Structures are given as C-alpha cells and as structure tokens.
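First the structure, in the form of structure tokens, and then the observations on it.
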Amino acid sequence: MKTTISEKPNIILVLVDDMGFADLGITGSEINTPNIDALANNGVLLASMYNCARC
C-alpha cells in the first residue's frame with residue numbers, strides 16, 4: 271500500500287544575525303514587527319535554539 275502526501279508542508283524559517291530574543295514584538299520588544307508577529311501568532315514559535323558558530 272503506497273501512501274502519498276496531497277499537500278506540501280507549509281514551513282517558513284527566518285534566520286537573522288545579531289538579533290536578541292527580545293528584538294521582536296512577539297517577545298515583548300518596543301519595535302513594531304506586525305508581519306513577524308502574525309506569523310508567530312498563527313504558527314509555531316521556536317523558543318530555544320543554540321548556535322556554536324566560530325568565525
């Protein structure tokens with residue numbers, strides 16, 4: 271029995287550099303970020319991530 275997926279996943283990943291946790295409106299910033307806030311309010315917000323990049 272073969273299963274198929276009728277819809278593609280709907281995923282948006284936003285990667286930014288030199289941004290703090292509280293720099294978005296959704297996390298309490300004074301900066302107005304309505305489009306990013308709408309994405310976060312209607313989806314899943316990644317609340318924990320660790321990056322160990324080396325320059």
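Letter by letter, the sequence shown follows residues 271 to 325 of the working numbering.
Quick reminder that beta carbons are idealized off the backbone N, C-alpha and C, glycines included.
These figures come from a predicted structure and were not determined experimentally.
Inset, instruction - Let me know if residue 306 comes out buried or exposed under the rule of 16 or more other beta-carbons within 10 Å of its beta-carbon. - result: buried
Inset, instruction - Indicate whether residue 296 and residue 317 have their beta-carbon atoms separated by less than 8 Å. - result: no
Inset, instruction - Put residue 287 into one of helix, strand or coil per three-state DSSP. - result: coil
Legend entry - From 303, 298, 304, 285, residue whose alpha carbon lies closest to that of residue 320: 285
Legend entry - residue 281 versus 322, 308, 302, 313, residue with shortest Cα-Cα distance: 313
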